[in-house]
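Visitor: Take the sequence shown: its letters are residues 11 to 285, numbered as in our numbering.
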Amino acid sequence: MPELPEVEAWRRQLDPLVKRSPIEQAGPAHIATLKTFDPPLKALEGEGLRGVERRAKRFLLPTDDGELVVLVHLMSAGRLKYVPKGGKGAKTPVFRLRFVDGGELQLTEAGSKKRAGVWLLRPEAAQAELAHLGPEANTLEADDMARILASDSRRLHSLLRDQRLIAGIGRAWANEILWVAQLSPYTLSSQVDADALEQLTTAIRSEMDRGLELRLAGANDEKTYRVHDKLGRPCERCGTPIARVDFEEHTIYYCPQCQTGGRVLKDRRLSRLLK
Ligand SMILES: [Zn+2]
11 MPELPEVEAW
21 RRQLDPLVKR
31 SPIEQAGPAH
41 IATLKTFDPP
51 LKALEGEGLR
61 GVERRAKRFL
71 LPTDDGELVV
81 LVHLMSAGRL
91 KYVPKGGKGA
101 KTPVFRLRFV
111 DGGELQLTEA
121 GSKKRAGVWL
131 LRPEAAQAEL
141 AHLGPEANTL
151 EADDMARILA
161 SDSRRLHSLL
171 RDQRLIAGIG
181 RAWANEILWV
191 AQLSPYTLSS
201 QVDADALEQL
211 TTAIRSEMDR
221 GLELRLAGAN
231 DEKTYRVHDK
241 LGRPCERCGT
251 PIARVDFEEH
261 TIYYCPQCQT
271 GGRVLKDRRL
281 SRLLK
């Protein structure tokens, strides 16, 4: 799933493109993709877009007059792409906005499960839709982080991914951040001391920055991640093979030397705990 650095990099690419020309036609949309029916998509026609904004992992496209907001959540497999006039786009995107100049913004989603979503909202409704989100991961200071850690006793990997506490981090960047901070994914938030708090806050900020820089330069997953999806590859810091463990419904990657002091983490899949 694209996380803060990926969504922010796309946002910056798309922002100047959607402002070029007003919307000629909004939709059609896949029935599972469009989550709202009032106001209707037709209300967008003739409107210009102010650009592309971002909140957590969502794109927000407000109209020039400030009356409407298109909200897009890509989930795991959604992709948002601008196709210029005459360019090669998808045949059946799950959602599209065609502009007067012939350009088209397309949302596509691989696979048969349609989980990506588009909402057309009034600004107040958009605000309500986003109200549960925590502060943006790339703006966190140590005292924000101290407050977040104190709010719940949770394993760090799970806490970092909770959008109500911190917005923008998913499983890939949680792996990267904990590796940089040299903390175990299973450490409880209540056990994080002052030094670890500092390491964790610094790691969140530096990884969000590093990720954005790489994604803006077009780096792929292989080049971007250092532990995520790197099972058996030598840790860049100590050479120990990267390990993997199933936790809840996620797979965690970590260095069993620099993060857990030589301990191998035990499988904590829900299905296994329920047996
Ligand atoms: Zn290591």
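Yeah, the Cβ is synthetic: ideal placement off N, Cα and C, and Gly gets one too.
(1) In the DSSP assignment, find the unbroken alpha helix (DSSP H) run with isoleucine 262 in it and report its ends.
(2) Considering only the beta carbon of each residue, do glycine 180 and arginine 171 sit closer than 8 Å?
(3) Quick check: the Cα distance between threonine 250 and lysine 240, rounded to an integer number of angstroms?
(4) Got a sec: is the Cβ-Cβ distance from glutamate 119 to anything in chain B below 8 Å?
(5) If I measure Cβ to Cβ from valine 247 and keep anything under 6 Å in the same chain, skipping five residues before and after, which residues do I get?
(6) Less than 8 Å separating the beta-carbons of proline 133 and glycine 76?
(7) Does DSSP put glycine 127 in a helix, a strand or coil?
(8) For glutamine 209, report the span of its beta strand (DSSP E) as first-last.
(9) Are there any heavy atoms of ligand 1 lying less than 7 Å away from the beta-carbon of threonine 250, as far as the coordinates show?
(10) Can you give the beta carbon distance from glutamate 146 to valine 190, rounded, assuming they're within the 8 Å contact cut?
(11) Alpha carbon to alpha carbon, how far is leucine 169 from glutamate 16? Give it in angstroms, no decimals.
(12) Does ligand 1 have a heavy atom nearer than 7 Å to the CB of glutamine 23?
(13) Would you call proline 195 buried or exposed, if buried means 16 or more other Cβ atoms sit within 10 Å of its Cβ?
(14) Is it the case that the CB of arginine 273 approaches a heavy atom of ligand 1 more closely than 7 Å?
(15) Within 7 Å: the Cβ of glutamine 35 and any heavy atom of ligand 1?
(16) Can you tell me whether DSSP reads isoleucine 41 as helix, strand or coil?
(17) Along the alpha helix (DSSP H) that carries arginine 138, what are the first and last residues, could you check?
(18) So does glutamine 267 have its beta carbon nearer than 7 Å to some heavy atom of ligand 1?
(19) Could you tell me if the beta carbon of arginine 247 falls within a distance shorter than 7 Å of some heavy atom in ligand 2?
(20) State the start and end residues of the unbroken beta strand (DSSP E) segment that holds aspartate 256.
(21) Quick one: what does DSSP say leucine 170 is sitting in, helix, strand or coil?
(22) When burial is assigned at 16 or more other CB atoms within 10 Å of the CB, is arginine 26 buried or exposed?
(23) Keeping to the same chain, check which residues put their C-beta closer than 8 Å to that of lysine 276; ignore five residues upstream and five downstream.
(24) What are the boundary residues of the beta strand (DSSP E) that includes threonine 118?
(25) Taking the Cβ atom as the reference point for each residue, do leucine 198 and serine 161 lie within a distance shorter than 8 Å?
(26) By Cβ distance below 7 Å, which residues in the same chain neighbour valine 274 in space, the five residues on each side in sequence not counted?
Guide: In this structure, then:
(1) Where isoleucine 262 is concerned, there is no enclosing alpha helix (DSSP H), although the beta strand (DSSP E) around it starts and stops at 260-264.
(2) yes
(3) 12 Å
(4) You won't find chain B in this structure, because it holds only one protein chain.
(5) Residue identity check: residue 247 is arginine in the sequence provided, not valine. Cys268, listed in sequence order.
(6) yes
(7) strand
(8) Not the beta strand (DSSP E): glutamine 209 falls in the alpha helix (DSSP H), residues 204-226.
(9) yes
(10) The pair is not a contact, with the Cβ atoms about 18 Å apart (cut-off 8 Å).
(11) 20 Å
(12) Because no heavy atom of ligand 1 lies under 7 Å away, the Cβ of glutamine 23 does not count as near it: no.
(13) buried
(14) no
(15) Not so, every heavy atom of ligand 1 lies at least 7 Å from the Cβ.
(16) coil
(17) Checking the displayed sequence, the identity of residue 138 turns out to be alanine instead of arginine. Where alanine 138 is concerned, the enclosing alpha helix (DSSP H) stretches over 133-140.
(18) yes
(19) Ligand 2 is not part of this structure, which contains only ligand 1.
(20) 253-257
(21) helix
(22) For the record, residue 26 in the displayed sequence is proline; it is not arginine. Exposed, by the Cβ-count rule.
(23) Hits under 8 Å: Val255.
(24) Here the beta strand (DSSP E) through threonine 118 covers 114-119.
(25) no
(26) Ala253 and Pro266
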